[in-house]
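The structure appears right after this line, and notes come after that.
Protein chains: 2
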Amino acid sequence: MTNTKGPLELLLRNLELRTPLSEADRSAVLSLPFTPKTLEPSTYTVREGDPPDRCAVLLSGFAYRQKLTGDGDRQIVAIHVPGEATDFQNLLLDVADHSVQMLTRGDVAFVARRDLQELIRTRPAVGQAVLVKILVEAAIFREWVLNVGRRDARTRLAHLLCEFALRLEAEGLADRYGYELPMTQEQLADATGLTPVHVNRVLKALQADGLIQRSKRNVSFPDWERLRQVGDFNQRYLHLEPQLSVTEPHPRSG
Amino acid sequence: MTNTKGPLELLLRNLELRTPLSEADRSAVLSLPFTPKTLEPSTYTVREGDPPDRCAVLLSGFAYRQKLTGDGDRQIVAIHVPGEATDFQNLLLDVADHSVQMLTRGDVAFVARRDLQELIRTRPAVGQAVLVKILVEAAIFREWVLNVGRRDARTRLAHLLCEFALRLEAEGLADRYGYELPMTQEQLADATGLTPVHVNRVLKALQADGLIQRSKRNVSFPDWERLRQVGDFNQRYLHLEPQLSVTEPHPRSG
DNA sequence: CGTACGTTTGATCTTTCTCAATAATGGTGG
DNA sequence: CCACCATTATTGAGAAAGATCAAACGTACG
């Protein structure tokens, strides 16, 4: 257990994107004990069926959540970008109902779940920031249900690319006009409920239509606005603005 | 604003299903101010784009969350059963990213969002219970992504019927061998990402195979275990047991 | 420089959708 | 109780999106 200050600043920034915190709260977050580690692609961070006793904060690299059907088909249900904690979803649940794995190589800071629970208990404003993040993650799950349930392959993929663009932009990691997409076509298929073959064809079609440019893992968007339209993308569900609706500070009570 | 005690006991029971509360916490929940109202089918409880300033607790009847694509296709992303609060998902978000509507006629208790926020601030254990509920709702969203993304029509519908059975059973409203299903085939289609026509055919096939029995809106399951298998249904994601991991330190080490 | 992984392509097949009717059903006013 | 209307359920025929199968092609890297 180290206690250096640097790494968790990324998490703090992520939380403050939507929920600004006081100095005291910030330093409470920064002084969480953690264990740094570098993980290889596909390393498990949480495993379905296990009690989730720790939470990995992504310092660099990407991770994804996945579920499997009875006959082994995989569905990726979320992607996590650097700065995000990969396990708020299990904060208060006894057994993980899905797995989280590294998408790329990356550095993480493991935080004990108990410490996280303790933090949000003693620092209600931090608890609020975490809850906001949890609610936004849920909003993204809902949009994915819509994406996979009601949009055709072309729209689905364009939508995913748009979401990724805005989330990376929000973290200051890229802009909406292009970025390094760390997913294979098979993973894109698992995230969109398609087959890799079809993903390949659709990506090519998007490229042929001048909606995306690809070279290696880099994608760029010559005409963002048109891609946005094709992807039926409306960023509202990302709730990227600071969420102010919670009015007053907290008078003590017990 | 009334302050009778009865109605909110249903909400309390719902929360305590997974998070038992102390006497003091219970009475704090029960003394939430609320406004009772009877709502007709398809009445909005929350509307996309609006600031969610109140939360409807379902006292009787069912509700659903839905999102729309740009060209008007509907996806139902969640169903709520009696006893549930229909708007924990917007507890700390400024603008609703989806709508909630009544599925059936039903009685609700409107609780001001501010009061709810106040409650969880002053009563951390209640806040915890609410957070557990929010996390379980997110777990259901994830399962729906899998359901809609990776399962065929037959499995998808069987899965939905199983989920419904267990959730109703948990509320003491039915058992897993049958219940009153308040959804039209069109709504079932919107919940599974299918068309009404196909839902009709698949339901008939399930019936022909002796997996379900239908008469009016009533469905029953002559062979639950087989339905469970056909629906690839594993109840883990519903987290129906009391979630104890928070209160007590873990017997395991890290 | 060979092996593993990822991408691309073609041909064919299936599930599910679409379009279009027709039948039930439930609720309403008379 | 009946006639009427609006939903909802059911059925059929044809079309289409996407899946499956199989193979070839690139590329990274030990």
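Going down the list, the sequences are from chains A and B.
Our numbering puts the first sequence at residues 387 to 640.
Our numbering puts the second sequence at residues 387 to 640.
Ideal Cβ positions, reconstructed from N, Cα and C, are used throughout, including at glycine.
Exercise. Where does Leu-630 of chain A land, buried or exposed, given buried means 16+ other C-beta within 10 angstroms?
Worked result: Sequence index remark: in the first sequence, residue 630 of chain A carries index 244 (1-based). Burial call: exposed.
Exercise. Going along chain A in order, which residues have a C-beta closer than 8 angstroms to the C-beta of Asp-501 of chain B?
Worked result: Here residue 501 of chain B refers to the residue found at position 115 of the second sequence. Going along chain A, no residue has its Cβ under 8 angstroms from Asp-501 of chain B, so there is no contact; the nearest lies around 12 angstroms.
Problem set entry | Unbroken stretches of the beta strand (DSSP E), 3 residues or longer, contained in the stretch 476-551 of chain A | 485-488, 492-498
For this session: Keeping to the same chain, check which residues put their C-beta closer than 6 angstroms to that of Leu-567 of chain B; ignore five residues upstream and five downstream.
Result: Your numbering for residue 567 of chain B matches position 181 in the second sequence. These residues qualify, in order along the chain: Arg-603, Val-605.
Exercise. Considering only residues of the same chain and omitting the five flanking positions on each side of Pro-393 of chain B, which have a CB-CB separation below 6 angstroms?
Worked result: On the second sequence, residue 393 of chain B is found 7 positions in, with the first residue counted as 1. The residues are Leu-445, Ala-495.
For this session: Would you verify that the beta carbon of Gly-535 of chain A is, or is not, closer than 8 angstroms to some beta carbon of chain B?
Result: On the first sequence, position 149 is the one that residue 535 of chain A refers to. Taking Cβ atoms only, chain B reaches closer than 8 angstroms to Gly-535 of chain A, which makes this a yes.
Problem set entry | 6 angstroms CB neighbourhood of Tyr-565 of chain A in its chain, flanking five on each side removed | The sequence position of residue 565 of chain A within the first sequence is 179, counting from 1. These residues qualify, in order along the chain: Leu-554.
Exercise. Is the beta carbon of Gln-503 of chain A less than 8 angstroms from the beta carbon of Leu-521 of chain A?
Worked result: By 1-based counting over the first sequence, the position of residue 503 of chain A is 117. By 1-based counting over the first sequence, the position of residue 521 of chain A is 135. It is not a contact, given that the beta carbons lie outside the stated cut-off.
For this session: Can you have a look at Arg-433 of chain B and say buried or exposed, based on whether 16 or more other CB atoms are within 10 angstroms of its CB?
Result: As a position in the second sequence, residue 433 of chain B is number 47, starting the count at 1. Arg-433 of chain B should be labelled exposed.
Problem set entry | Start-to-end residues for the beta strand (DSSP E) that takes in Thr-424 of chain B | Stepping through the second sequence from its first residue, residue 424 of chain B is reached at position 38. Per DSSP, Thr-424 of chain B belongs to the beta strand (DSSP E) from 421-425.
Exercise. Where does Asp-576 of chain B land, buried or exposed, given buried means 16+ other C-beta within 10 angstroms?
Worked result: As a working mapping, residue 576 of chain B is identified with position 190 in the second sequence. Answer is buried; the Cβ neighbour count reaches 16.
Problem set entry | Beta-carbon gap between Asp-439 of chain B and Ala-482 of chain B smaller than 8 angstroms | To locate residue 439 of chain B, count along the second sequence from 1; it is residue 53. To locate residue 482 of chain B, count along the second sequence from 1; it is residue 96. No, the Cβ-Cβ distance between Asp-439 of chain B and Ala-482 of chain B is not below 8 angstroms.
Problem set entry | DSSP state of Ser-467 of chain A mapped onto helix, strand, coil | On the first sequence, position 81 is the one that residue 467 of chain A refers to. With the sequence shown as reference, residue 467 of chain A is identified as Val, and Ser is not the correct amino acid for it. Note: Val-467 of chain A maps to coil in three-state DSSP.
Exercise. Phe-608 of chain B to Arg-536 of chain A, Cα distance in whole Å?
Worked result: Position 222 of the second sequence holds residue 608 of chain B. Position 150 of the first sequence holds residue 536 of chain A. The sequence as given places Pro at residue 608 of chain B; Phe does not occur at that position. Roughly 32 angstroms separates the two Cα atoms.
Exercise. Under the three-state reduction of DSSP, which class applies to Thr-581 of chain A: helix, strand or coil?
Worked result: Taking the first residue of the first sequence as 1, we reach residue 581 of chain A at position 195. Coil, per DSSP.
Problem set entry | Contact with chain B by Ser-639 of chain A, beta-carbon distance below 8 angstroms | For the purposes of this step, residue 639 of chain A is taken as residue 253 along the first sequence, with counting starting at 1. Note on Ser-639 of chain A: pLDDT 42, under 50, position unreliable in the model; the coordinate value appears next. So, interface residue.
Exercise. Just curious, the alpha helix (DSSP H) that Asn-400 of chain B is in, first and last residue?
Worked result: Your numbering for residue 400 of chain B matches position 14 in the second sequence. That run of the alpha helix (DSSP H) goes 395-402.
Exercise. Can you tell me whether DSSP reads Ser-413 of chain B as helix, strand or coil?
Worked result: The sequence position of residue 413 of chain B within the second sequence is 27, counting from 1. Looking at Ser-413 of chain B - three-state DSSP - the assignment turns out to be helix.
Exercise. Run through DSSP, which three-state label would Asp-668 of chain B get?
Worked result: Because chain B here runs from 387 to 640, residue 668 of chain B falls outside it and cannot be looked at.
Problem set entry | Helix, strand or coil at Ala-575 of chain A according to DSSP, with G and I counted as helix | Translated into the one-based positions of the first sequence, residue 575 of chain A becomes position 189. In the structure shown, Ala-575 of chain A sits in a helix (DSSP, three-state: H, G or I).
For this session: Measure the beta-carbon distance from Arg-491 of chain A to Gly-447 of chain A and round it to whole angstroms, keeping in mind my assumption that it falls under 8 angstroms.
Result: In the first sequence, counting from the first residue as 1, residue 491 of chain A sits at position 105. In the first sequence, counting from the first residue as 1, residue 447 of chain A sits at position 61. Yes, Arg-491 of chain A and Gly-447 of chain A are in contact; Cβ-Cβ is about 6 angstroms, under 8 angstroms.
For this session: Would you mind working out which of B:Leu-613, B:Ala-464, B:Glu-529, B:Glu-409 sits nearest Arg-540 of chain B, comparing C-alpha positions?
Result: On the second sequence, position 154 is the one that residue 540 of chain B refers to. It is B:Leu-613 whose Cα lies nearest to the Cα of Arg-540 of chain B.
Exercise. Roughly how many whole angstroms lie between the Cα atoms of Thr-424 of chain A and Cys-441 of chain A?
Worked result: Locating residue 424 of chain A in the first sequence gives position 38, where the first residue counts as 1. Locating residue 441 of chain A in the first sequence gives position 55, where the first residue counts as 1. Those two C-alpha atoms are separated by around 14 angstroms.
For this session: Just mark Gly-469 of chain A as buried or exposed, buried being the case when its beta carbon has 16 or more other beta carbons within 10 Å.
Result: The residue you call residue 469 of chain A lines up with position 83 of the first sequence. The residue in question, Gly-469 of chain A, is buried, as its Cβ has 16 or more Cβ neighbours within 10 Å.
Problem set entry | Local conformation of Pro-637 of chain A per DSSP, three classes | The sequence position of residue 637 of chain A within the first sequence is 251, counting from 1. Any reading at Pro-637 of chain A must be qualified, since the residue scores a pLDDT of 44, below 50, and its modelled position is unreliable; the value itself is stated next. Here Pro-637 of chain A sits in coil by DSSP.
For this session: Examine chain A for any beta-carbon lying closer than 8 angstroms to the beta-carbon of Leu-521 of chain B, and answer yes or no.
Result: Numbered from 1 along the second sequence, position 135 holds the residue referred to as residue 521 of chain B. It does; some Cβ of chain A falls within 8 angstroms.
Exercise. Taking DSSP as the reference, what is the three-state secondary structure of Ala-560 of chain B?
Worked result: Within the second sequence, residue 560 of chain B is the residue found at index 174, counting from 1. It is coil, neither helix nor strand.
For this session: Output, in sequence order along the chain, the residues in the stretch 473-493 of chain B whose CB is closer than 8 angstroms to any CB in chain A.
Result: Gln-475, Asn-476, Leu-477, Leu-478, Leu-479, Asp-480, Val-481, Asp-483, His-484
Exercise. Helix, strand or coil: how does DSSP classify Arg-433 of chain B here?
Worked result: As a working mapping, residue 433 of chain B is identified with position 47 in the second sequence. In the structure shown, Arg-433 of chain B sits in coil (DSSP, three-state: anything other than H, G, I, E or B).
Exercise. Under the three-state reduction of DSSP, which class applies to Asn-586 of chain B: helix, strand or coil?
Worked result: Residue mapping note: residue 586 of chain B aligns to position 200 of the second sequence, counting from 1. The answer is helix: DSSP assigns Asn-586 of chain B an H, G or I state.
Problem set entry | Spatially closest choice to Arg-451 of chain A from A:Pro-510, A:Leu-397, A:Trp-530, by CA coordinates | Reading the first sequence from its first residue, position 65 is the one you call residue 451 of chain A. Cα-wise, what sits closest to Arg-451 of chain A is A:Trp-530.
Exercise. Taking Cβ-Cβ distances shorter than 7 angstroms, what residues in chain B pair up with Val-630 of chain A?
Worked result: The residue given as residue 630 of chain A occupies position 244 in the first sequence. Per the sequence shown, residue 630 of chain A should be read as Leu rather than Val. Chain B residues near Leu-630 of chain A: Asp-480.
Problem set entry | alpha helix (DSSP H) segment containing Gln-615 of chain A, residue limits | For the purposes of this step, residue 615 of chain A is taken as the residue at position 229 of the first sequence. Start and end: 610-616.
Exercise. Would you report the Cα separation of Lys-519 of chain A and Ser-601 of chain B, rounded to the nearest angstrom?
Worked result: Within the first sequence, the letter at position 133 stands for residue 519 of chain A. Within the second sequence, the letter at position 215 stands for residue 601 of chain B. Near 44 angstroms, if we compare the C-alpha coordinates of Ser-601 of chain B and Lys-519 of chain A.
Exercise. From Pro-422 of chain A to Arg-562 of chain B, what distance separates their C-alpha atoms?
Worked result: For the purposes of this step, residue 422 of chain A is taken as the residue at position 36 of the first sequence. For the purposes of this step, residue 562 of chain B is taken as the residue at position 176 of the second sequence. Rounded to the nearest angstrom, the two C-alpha atoms are 46 angstroms apart.
For this session: Could you tell me whether the Cβ atoms of Leu-418 of chain A and Val-497 of chain A are closer together than 8 angstroms?
Result: Numbered from 1 along the first sequence, position 32 holds the residue referred to as residue 418 of chain A. Numbered from 1 along the first sequence, position 111 holds the residue referred to as residue 497 of chain A. Against a cut-off of 8 angstroms, the Cβ pair of Val-497 of chain A and Leu-418 of chain A comes out as a contact.
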